[in-house]
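Chains A and B, in that order, give the protein sequences. With this note's numbering, letter number 220 in the first sequence gets 220, and the count goes up by one each step, no holes. In short: position in the second sequence from 1, add 300, done, that's this note's numbering.
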Amino acid sequence: MLLTADLGFGVLNPFIEAFTEQYLNVGVAEQNMTGVATGLALEGKIVFTYSIGNFPTLRCLEQIRNDVCYHDANVKIVCIGGGFCYGPLGISHHATEDLAIMRALPGMRVMAPGDLAETRLITRIAYETSGPCYLRLGRGGEAQIHQDALNLSLGQGISLFPEGEVALLSTGGILGNAVGARERLEAWGVKASLHSIPFLKPLDRSLIEMLSQTVRLMATIEEHSIIGGLGGAVAEALAEMPGPKPPLLRIGLREGFSCEVGDQEYLRKIYGLSTDSIAQRVYKAISKKNPEAKIYGVSN
Amino acid sequence: MDTRKLALKIRRHAILMTNQGKSSHVASILSMADIVAVLYGHILRKRPDEPRWPERDRFILSKGHAGAGVYAALAETGYFPVDWLPRHCAQGSKLCGHVSHIGIPGVELSTGSLGHGLSVGAGMAYAGKLDNKNYRVFVLMSDGECDEGSNWEAILFAAHHRLANLVAVVDYNKIQSLGPVEEILGLEPFAAKWQSFGWQVKEIDGHDHDQLMASLDIRSEPGSPPTCVIAHTIKGKGVSFMEKSVLWHYRSPQGEEFQAALAELEDVIFA
């Protein structure tokens, strides 16, 4: 079933028309939506709850924790508008801590696909995986990154460019900028591998372990706080791995709220998440490791 | 089953369990003991040897702090051995202070934070309506719990969707955590509030078993509104020095108070 808290103008119509009885608009009431979803799930339904930004998560966090997670209820929480998708609408609509908060909940799988191809596969995986899942989506306007057919299973990362002295790990809709940053780094003489990490939990630890043994620098890229999201998850994984490991550069949002007004790409630029900023930060970090390296097009 | 005897057993267990567990909320259990006894002893369709029987009526204790009363009712009606009860709140026990379903047959929903049960119950009722099932969903709430806004979201929802199979019972004992309900956040006119939200409302004496049986045995026609039973009760009912007292929301009966409470409950004679 699909439950919405009175959002999704236009986009839910195909579902409503095809599955009228499986659609329920609960009104502007996320706490009740999540409780009702739990009740439906405990009666055997597979339930998706839908809203935008922080509304399906933070507004009803305790219902997610106590009702959904403690009962291992088959509820999938869908957030439309992760990160700065709703940039000009202000901080109420910036979902920039959701991954960290959802990751901390016992039993919750956390998924942030990088483009529509990943979204299609991950929605199917969430549907087929019994128990709580969180899907953090963009707004559907993201660049199509994957041109070839994808195979994906729960917890698996996707290596788009497997080889490189630097490993770029990206989660969610910022993937397009990560692709651009990798190209720029290559032009500057730095070969970087690129991996989309659509599952923050369970995390692809074997991929991270493998990369940690072969690269000089790992960089995580996310439109989210550097606390507790992809950067946090990779830092935790690396810290627990034995042996020497490369330094980790967490590219994301530092402490604070965005008081700037602007669209998604504008805010990404302000907060160092544009293609250029990502490339420059990685380049600087790798150059510090290698002072002999010549810096191209990077201002200090 | 004699529901009055079951209520007395629940009250005795409540005193023993909160004594041994050194736990709070004994007065909250005593106030709802008759409601729980009539539900488990007479109203609920159930199979204690098959707790997940699909046709069972669902019962949710939304005032989860009174969980010991439900554990006692479940044990006394055959869901698990009565000798589990003295382990309430003991180290390593499954019977925690706020009702939990993990490892406890018959508990439909774990609660403890107030304002959760009615939404989940509404979801169960909606599923039952959708699937043309005959089960009913009973949610027992506290009065103080009605301060939580989430309940009013659920009250709107259940009425809008005409969840005829949903029954909310409010244990209206007039005392919440720090004092009288009317002083802290008044609910009156309480019945009128539910009615204005589209529920059918019954007001009864929540200690009168005849009234409880008559009002809780609800089988509304599909399409009817949900039902709210406002059960007027006395906090701490059955133990004179615990009645109408905020103190016994917190205090655990120990020593002479424990003996005195048990003695009062021993003296109950049924007509």
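C-beta: ideal position from N, C-alpha, C; glycine also. As the structure is a prediction and not an experimental result, all values here were calculated from the model.
So, helix, strand or coil for Lys45(A), using DSSP?
-> coil
What is the DSSP secondary structure of Ile101(A), counted as helix, strand or coil?
-> helix
Hey, does Val110(A) have any beta-carbon neighbour from chain B nearer than 8 Å?
-> no
Report yes if the CB atom of Gly229(A) is closer than 8 Å to the CB atom of Gly82(A), and no otherwise.
-> no
Per DSSP, what kind of secondary structure is Ser170(A) in: helix, strand or coil?
-> strand
Out of Ala219(A), Arg65(A), Val234(A), Tyr134(A), point me to the one whose CA is closest to Glu165(A)'s CA.
-> Ala219(A)
Is any beta-carbon of chain A found at less than 8 Å from that of Phe457(B)?
-> yes
Backbone secondary structure at His532(B) - three-state DSSP | strand
At what residues does the beta strand (DSSP E) containing Thr57(A) begin and finish?
-> No beta strand (DSSP E) contains Thr57(A), which DSSP labels as neither H nor E.
Among residues of its own chain, excluding the 5 on either side of Arg356(B), which ones have a beta-carbon nearer than 7 Å to its beta-carbon?
-> Arg345, Lys346, Arg347, Tyr435
Buried or exposed (CB count within 10 angstroms, at least 16 for buried), Met301(B) = exposed
From which residue to which residue does the alpha helix (DSSP H) around His461(B) run?
-> Premise fails: His461(B) is in no alpha helix (DSSP H) and is neither H nor E.
Find the residues of chain A that neighbour Gly498(B), judging by a C-beta separation of less than 9 Å, and give them in chain order.
-> In chain order: nothing, as chain A lies at least about 14 Å away.
Supposed contact pair Ile504(B) and Val467(B) - C-beta distance, whole angstroms, cut 8 Å | Their Cβ separation, rounded to whole angstroms, is 13 Å, which puts Val467(B) and Ile504(B) out of contact at 8 Å.
Expected contact under 8 Å - CB spacing of Cys60(A) and Thr34(A) to nearest Å | 4 Å
Measuring CA to CA, which of Glu17(A), Gly39(A), Leu12(A), Leu2(A) is closest to Ala458(B)?
-> Gly39(A)
Phe490(B) lies in the alpha helix (DSSP H); which residues open and close that run?
-> 490-496
Can you give me the Cβ contacts of Asp565(B) inside the same chain, cut-off strictly under 8 Å, excluding the 5 residues immediately before and after it?
-> Residue identity check: residue 565(B) is Leu in the sequence provided, not Asp. Answer for Leu565(B): Leu308, Arg311, Arg312, Ile315, Gly538, Val539, listed in chain order.
By a C-beta neighbour count over all protein chains shown, 10 Å radius and 16 as the cutoff for buried, is Ile295(A) buried or exposed?
-> A caution first: Ile295(A) carries a pLDDT of 43, below 50, which makes its placement in the model unreliable, though a value can still be read off. With fewer than 16 Cβ atoms within 10 Å of its Cβ, Ile295(A) is classed as exposed.
Using the beta-carbon count (16 or more within 10 Å), is Pro113(A) buried or exposed?
-> buried
Interface residues of chain A around Met424(B) at Cβ under 7 Å?
-> Gly39, Leu42, Glu43
Would you mind giving the Cβ-Cβ distance between Glu376(B) and Leu414(B), rounded to the nearest angstrom? I have them listed as a contact below 8 Å.
-> With 8 Å as the limit, Glu376(B) and Leu414(B) do not qualify as a contact, their Cβ atoms being about 26 Å apart.
C-alpha gap between Leu273(A) and Pro246(A), whole angstroms | 22 Å
Does the beta carbon of Gly421(B) sit closer than 8 Å to a beta carbon anywhere in chain A?
-> yes
Look up Leu316(B) in the DSSP assignment and say whether it is helix, strand or coil.
-> helix
Could you tell me which of Ser477(B), Pro489(B), Asp510(B) sits nearest to Val326(B), measuring between CA atoms?
-> Ser477(B)
Contacting residues, own chain, Cβ-Cβ under 6 Å from His93(A) (five flanking each side not counted) = Gly53, Tyr86
Any chain B beta carbon closer than 8 Å to Ala29(A) | yes
Under 9 Å from the C-beta of His416(B): neighbouring residues of chain A = Gln31, Gly35, Thr38, Glu62, Gln63, Asn66, Asp67
Terminal residues of the alpha helix (DSSP H) in which Met441(B) lies = Note, Met441(B): premise wrong, no alpha helix (DSSP H); beta strand (DSSP E) at 437-442.
If contact means a Cβ-Cβ distance below 9 Å, which residues of the segment 382-415 of chain B contact chain A?
-> Ser400, His401, Ile402, Glu408, Leu409, Ser410, Thr411, Gly412, Ser413, Gly415
Buried or exposed by the 16-neighbour rule on C-beta atoms within 10 Å, applied to His195(A) = buried
Please list, in chain order, all residues of the same chain as Gly180(A) whose beta carbon is under 6 Å from its beta carbon, the five residues on each side excluded.
-> Thr275
Check Lys502(B) in the structure and name its three-state DSSP category.
-> strand
If you follow the alpha helix (DSSP H) that Ala563(B) is part of, which residue opens it and which one closes it?
-> 555-566
What whole-angstrom Cβ distance do Ile534(B) and Glu521(B) have, given they're in contact under 8 Å?
-> Their Cβ separation, rounded to whole angstroms, is 34 Å, which puts Ile534(B) and Glu521(B) out of contact at 8 Å.
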